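If you read the sequences in order, they're chains S and X. Heads up: the first sequence is residues 1 to 163, going by the numbering used here. Heads up: the second sequence is residues 164 to 773, going by the numbering used here. A virtual CB, placed ideally from N, CA and C, is assigned to each residue, including glycine. Since we're looking at a predicted model, the values are computed, not measured.
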Amino acid sequence: MTPQSATTPQDAMTPQDLMIRMLPPFAGWLALAALALPGGSPLRGAAVTAFLAVGPGAALVGICGPALRARRAEAPAERRDPNFERHSDLLERLMLAVLLSVSAAMLVATVLIAAHAFSGDRVLLTLTLLTTLAAFCPRLRASPPTASTARGAAPRKRKGSTL
Amino acid sequence: MTDLSDLTPAAWPTRAAAAWPAVPLLVALALWGYAMRHTDVSPLDDYGLVSALHPTFWAGLAVLTAGFWTTVRDPRRRNCWSLAYVLGLLVMERATQAVLYPTPLYAWAWKHDAVIDHLLTSGGLQSADQLGEMAVYDQWPGFFAAQAALVRLLGVDNAAMYMAWWPLVSSVLLLLPLLLVYRTFTEDRRLIWTAVWLFCVANWVGQDYFSPQSVAFVLHLGVIAVVLRRYGRSGGRGGRQGQAVWTVLLSVLVTAIVVSHQLTPGMLVVTLVALVFTRRYRHWVPAVTTVVIFLAWCLTAALPFLSAAMPDMIRSIGDVGANVETGYGATPTGTGAVATSWAARLLSGSVLLLALVGVLRQRVLRHRALPLLLVAAAPLPMFVASSYGSEMIFRVLMFTLPGAAFFAAAALLPKVRTLAADAAARDTGGYSPVAVARRRRLPLPSPPPLRYGAWVPPLVLLAGTLAFVPSYSGKDRINYFPPREVALVQRLFDQAPDDSLVVAANRNYPLAYEQYWRVDHYWFLDDDRRHVDEIVRDPAAVLARDMAAVEAPARAYFLLTQGQTANSEMNGQLDKAQLERLRESVAASPRFELIAENSTGVLYVLKPAS
């Protein structure tokens, strides 16, 4: 039997993973480049809005992803659709990517304006740098799942429950 | 003749059947598009947009609702069709005004644009010494700071360039947390999407406009969704590290809420505390985290405002009568205003009544979705806490709605069975729509025809959908400012020297807060009633006296526009004839000089006393 290497096959990053990981910072730098376009240009608007709406949040969810999945989400009592839980998790990640991005934009802009260092370019540059940093950060690891938290484990039922 | 023999015989009917939901959707959108091209909003009456809309708009809404109801009940249809219908509804509901009106609606939205302009001009936050009562916006600057950045990054002149589309944007954003909340309690697609539909049509309160509360509400619902999914007991004991990470992410969302809006953190705290009282969500971390962040902000950045407002806030605690009172100047007056106001009340009342029916009728669902019932009930005690500028009743309704819409939808759908009853029905070959849909391929027999009583739910849904329009757009005569009115007010600010004073009947006009850091305002209908009566008796003399304190080079302007008249008249203050007499008195007075005039209003300046 060959000794296990430090990096298991699941940990090896595929080119596809790398692309997904680098997409948010790329969108940020693209948005910064789009500032060279004239004001009010649709391309400039699309690049800036797309990054501000999803970029920073997607990078943050990317770092936290494995740790977030350590704990199974509450789910409906009926379990008819085998894909339902997976789709809910995807929706949750999308929601977090958007809401965290909006929150990050609000917080960075607030900090800069409170420090009298505000400008639109600085807000975008700060968010892009944070997103780039997040993309290069190692992923937060999850604790090994126990029997009760493993995916597919039966939910605990209470005595007298109608579930 | 074309040879069709190579086609699979089943291909045509199968594809046609699969794409059938597209037909009503496209027809509805086409009718909406036609209505947009043939609706004239220049002569708005007391019914606002309702009487101006082309009849095809109403036909489009009816087709859309019928198509939605048929699609959502059909087990063969995927979620994407229901989503497409809801997006269609949002376009017809929330984009209609942006398409029809050439300028953004709501004086409040224009005010928020002025706050953004202030942040861009000053480059920092200012105190009450510099800004007076408007400093409150600098103490909750999150939304405005982000919008200031967006204005610069888009390279546009101001937020008015895009803020008309904000209701659509904020409503689409709301769908993400709303769907997630509903998917925590049921897999039934009919229940999920009908609840989303009911939420959209019952949310007429109009807090989706360009405002901090529109974003704060989305974030609030996002936090609730995460707490409901990730802080429940059945998630197991493991994954403490995971839970800590969730708390960090929640803190980011909560901090963004706290720095943006005053009321939403309070609503979030009462909701999270209510959840803690259930056995399923006995987890104090989200509530404590929110309270700590909220207090930290209140005791630092927001302290100047809170210390000034605290005595009034303490006085209003427990005064439920005053807190639910809508206040002077908010009494609908005139047939149109009264009718649209009743449409809104009936819509809200019906949804809440349906929710009650759902709670009483759906025993199993009541047990399974008890936390959502608490989410709906938690904001109710806020009536006791504050009047929130006579708006608390509307805000409470809005925060109650996500939970209420779920149970209201449950009232329109078949009873939810226990798992045991469900399994027994499956074992005995009972009807299981999802299983049947997965086993069999299209084409399938259509769903069973509706029985007599089964017509009630779609009719209720249709009535609610149609009632949304007068509730939401019935007061557009007040909220819409034509370009000529904007141009008139803009002319004032183009020439007003620093420290000038603008006197107007009320603040319902575009650019009312433009350059508020250097131009002051006096809205005489906000003043004591006795003083208003004095003005009505002898307008020019009393107004000239009120405006005389302004010292040169500053000037005192009198502005009267159609937006002010509509607001005063439809809210039971001075009527059109009284305001017309007031205008004539000012026009005839030698103390005033006409600066500008058009079909939407007049602008006068007070001549120097000498």
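Sub-8 Å separation of residue i and residue j beta-carbons
i	j	result
X/Y197	X/T219	yes
X/V432	X/V454	yes
X/L391	X/V344	yes
X/F656	X/E677	yes
X/T496	X/N734	yes
X/L384	X/L337	yes
S/L52	X/V422	no
S/V54	S/V98	yes
X/P467	X/H424	no
X/I279	X/Q302	no
X/G369	X/R640	no
X/P340	X/Y394	no
X/W434	X/A541	Looking at the sequence shown, residue 434 of chain X is not Trp but Thr. Yes; because the gap between Cβ atoms is below 8 Å, this pair is in contact.
X/V649	X/V665	no
X/P304	X/L282	yes
S/T131	S/G65	no
S/V61	X/V378	no
X/V652	X/L674	yes
X/V389	S/L140	no
X/A717	X/R754	no
X/F562	X/M430	yes
X/W686	X/A668	yes
X/R654	X/L722	no
X/R353	X/L688	no
Endpoints, the beta strand (DSSP E) within which residue i is located
i	result
X/F755	755–761
X/L664	663–667
X/V713	Premise fails: X/V713 is in no beta strand (DSSP E) and is neither H nor E.
X/V768	764–769
X/Y643	Note, X/Y643: premise wrong, no beta strand (DSSP E); not H, not E.
X/V579	It is not in any beta strand (DSSP E) - X/V579 carries neither H nor E in the DSSP assignment.
X/Y685	682–686
X/Y720	719–724
Residue range of the alpha helix (DSSP H) that includes residue i
i	result
S/S28	Ser is not the amino acid found at residue 28 of chain S; the sequence shown has Gly there. Here the alpha helix (DSSP H) through S/G28 covers 15–34.
X/F457	448–461
X/W329	329–346
X/P440	The identity of residue 440 of chain X in the sequence shown is Phe, whereas the question assumes Pro. X/F440 -> no alpha helix (DSSP H), and no H or E assigned at all.
X/L575	555–575
X/V619	619–636
S/T128	120–136
X/W303	Where X/W303 is concerned, there is no enclosing alpha helix (DSSP H), given that its DSSP letter is neither H nor E.
X/F362	352–365
X/G369	Segment: none, X/G369 is in no alpha helix (DSSP H) and carries neither H nor E.
X/R531	526–531
Residue i: CB within 7 Å of a non-hydrogen atom of the ligand ATP
i	result
S/A104	Ligands in the displayed structure: none, and consequently the ligand ATP is not present.
Validate contact between the region 555–575 of chain X and the region 360–379 of chain X using beta carbons, cut 8 Å, 3 pairs | Yes: at least three Cβ pairs fall under 8 Å.
Contact between the region 11–26 of chain S and the region 35–47 of chain S: three or more CB pairs below 8 Å?
-> Between the region 11–26 of chain S and the region 35–47 of chain S, the count of Cβ pairs shorter than 8 Å is below three; the stretches do not touch.
Report yes or no: do the region 713–731 of chain X and the region 739–748 of chain X share at least 3 C-beta pairs separated by less than 8 Å?
-> Touching, per the Cβ criterion.
Please specify which runs of the beta strand (DSSP E), each continuous and at least 3 residues long, are wholly inside the region 391–435 of chain X, giving them in chain order.
-> The DSSP assignment places no complete run of the beta strand (DSSP E) inside the region 391–435 of chain X (cut-off: 3 residues).
Contact list for the region 97–115 of chain S against chain X, Cβ threshold 9 Å | Within the region 97–115 of chain S, the residues whose Cβ lies closer than 9 Å to some Cβ of chain X are V98, L99, L100, V102, S103, A104, A105, M106, L107, V108, A109, T110, V111, L112, I113, A114, A115, listed in chain order.
Residues of the region 363–386 of chain X with a CB closer than 8 Å to any CB of chain S: list them in chain order, please.
-> If the cut-off is 8 Å between Cβ atoms, the region 363–386 of chain X has V378, V381, L382, G385 near chain S.
Length-filtered (4 minimum) alpha helix (DSSP H) runs lying within the region 247–274 of chain X = Qualifying alpha helix (DSSP H) stretches, in chain order: 259–263.
Would you be able to state if there are at least three C-beta pairs under 8 Å between the region 66–74 of chain S and the region 271–281 of chain X?
-> When Cβ pairs closer than 8 Å are counted between the two stretches, the region 271–281 of chain X is seen not to touch the region 66–74 of chain S, the count staying below three.
Listed from N- to C-terminal order along the chain, which residues in the region 518–540 of chain X have their beta-carbon within a distance smaller than 7 Å of any beta-carbon of chain S?
-> Hits within the stretch, in order: V527, H530, R531.
Completely contained alpha helix (DSSP H) runs for the region 184–254 of chain X, where each covers 4 or more residues = DSSP runs (the alpha helix (DSSP H)) wholly in the region 184–254 of chain X: 185–200, 212–215, 218–236.
Which residue spans inside the region 68–118 of chain S form an unbroken alpha helix (DSSP H) run of at least 4?
-> Entirely contained in the region 68–118 of chain S, the alpha helix (DSSP H) runs reaching 4 residues are, in chain order, 84–114.
Below 7 Å between beta carbons is the criterion; list the residues of the region 283–300 of chain X that meet it against any residue of chain S, in chain order.
-> Going along the region 283–300 of chain X in chain order, one finds G286, G287, L288 with a Cβ nearer than 7 Å to chain S.
Below 9 Å between beta carbons is the criterion; list the residues of the region 317–351 of chain X that meet it against any residue of chain S, in chain order.
-> Correct list: L317, G318, V319, D320, M324, Y325, L336, L339, P340, L342, L343, R346, T347, F348, T349, E350, D351.
May I ask you to verify whether the region 236–247 of chain X touches the region 190–206 of chain X, counting CB pairs closer than 8 Å and requiring at least 3?
-> Flag = no, the region 236–247 of chain X and the region 190–206 of chain X do not touch.
Interface residues of the region 235–259 of chain X facing chain S [CB-CB below 7 Å] = Interface annotation for the region 235–259 of chain X against chain S: empty, criterion Cβ-Cβ distance under 7 Å.
Would you call the region 291–307 of chain X and the region 346–354 of chain X in contact, with 3 or more CB pairs under 8 Å?
-> Using a C-beta cut-off of 8 Å, the region 291–307 of chain X makes no contact with the region 346–354 of chain X, since fewer than three inter-stretch Cβ pairs fall below that distance.
Three CB pairs or more closer than 8 Å across the region 521–537 of chain X and the region 500–508 of chain X | Between the region 521–537 of chain X and the region 500–508 of chain X there are fewer than three C-beta pairs closer than 8 Å, too few to call the two in contact.
Quick one, which residues of the region 415–447 of chain X are near chain S if we go by CB-CB under 7 Å, in chain order?
-> V415, L416, T418, A419, V422, S423: these are the residues of the region 415–447 of chain X whose beta carbon lies less than 7 Å from some beta carbon of chain S, given in chain order.
Check whether the region 114–124 of chain S touches the region 320–333 of chain X, taking contact to mean three or more Cβ pairs, one atom from each stretch, closer than 8 Å.
-> The region 114–124 of chain S, when compared against the region 320–333 of chain X, does not touch it at the 8 Å Cβ threshold.
contact_flag[the region 202–216 of chain X, the region 250–270 of chain X] where n(CB pairs < 8 Å) is 3 or more | Flag = yes, the region 202–216 of chain X and the region 250–270 of chain X touch.
Which of the residues in the region 495–520 of chain X, read from start to end, lie with their CB under 8 Å from any CB of chain S?
-> Listed by position, the residues of the region 495–520 of chain X near chain S (Cβ gap below 8 Å) amount to none.
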